[in-house]
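Under the working numbering, think of the first position of the sequence shown as 28, with each following residue one higher.
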Amino acid sequence: RDAATKAEVKQLKTATESYFVDNGTYPTPSTSGSGLTLSTLSPYLVTGGYISAMSPKLIAEGARYVWGSNGQAYAFSVFLSDGSRCKTGTNVNMNWWGVSVPLCDF
């Protein structure tokens, strides 16, 4: 299960980075960047052609997206098979989801 999570997060990160290259900002789907569901990225990444579909597995498991610094940083929070959570992205603010949430090793 964790291997699938890692692969899907890597694909999502690649799509998010490609979006940044083309638009000069990471997706900013609301005025608040805190803890948005992954489905809020669909208009940016799926409709934009960066990814074929949002991962139903990551959505069902409660993965979250946050952006900051005027669209110049982002992070994903995902759950692992042991019930723990980790975060990954660019310039991950340690306050995003709390300092006790470790960085993912992928």
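Cβ coordinates follow ideal geometry from the N, Cα and C atoms, glycine included.
Buried/exposed call for residue i, threshold 16 Cβ in 10 Å
{"i": "residue 121", "result": "exposed"}
{"i": "residue 74", "result": "exposed"}
{"i": "residue 28", "result": "exposed"}
DSSP three-state assignment for residue i, whether helix, strand or coil
{"i": "residue 130", "result": "strand"}
{"i": "residue 71", "result": "helix"}
{"i": "residue 42", "result": "helix"}
{"i": "residue 119", "result": "coil"}
{"i": "residue 87", "result": "helix"}
Neighbourhood of residue i by C-beta, 8 Å cutoff - its chain only, sequence neighbours within 5 removed
{"i": "residue 42", "result": "72, 77 and 78"}
{"i": "residue 66", "result": "81 and 86"}
Beta-bridge partners of residue i, as assigned by DSSP
{"i": "residue 106", "result": "112"}
{"i": "residue 30", "result": "Bridge partners of residue 30: none, in fact."}
{"i": "residue 124", "result": "DSSP lists no partner for residue 124."}
Sequence-distant residues of its chain with Cβ nearer than 6 Å to residue i (five each side left out)
{"i": "residue 88", "result": "106"}
Sequence-distant residues of the same chain with beta carbon closer than 7 Å to residue i, five excluded per side
{"i": "residue 98", "result": "52, 53 and 55"}
{"i": "residue 129", "result": "113"}
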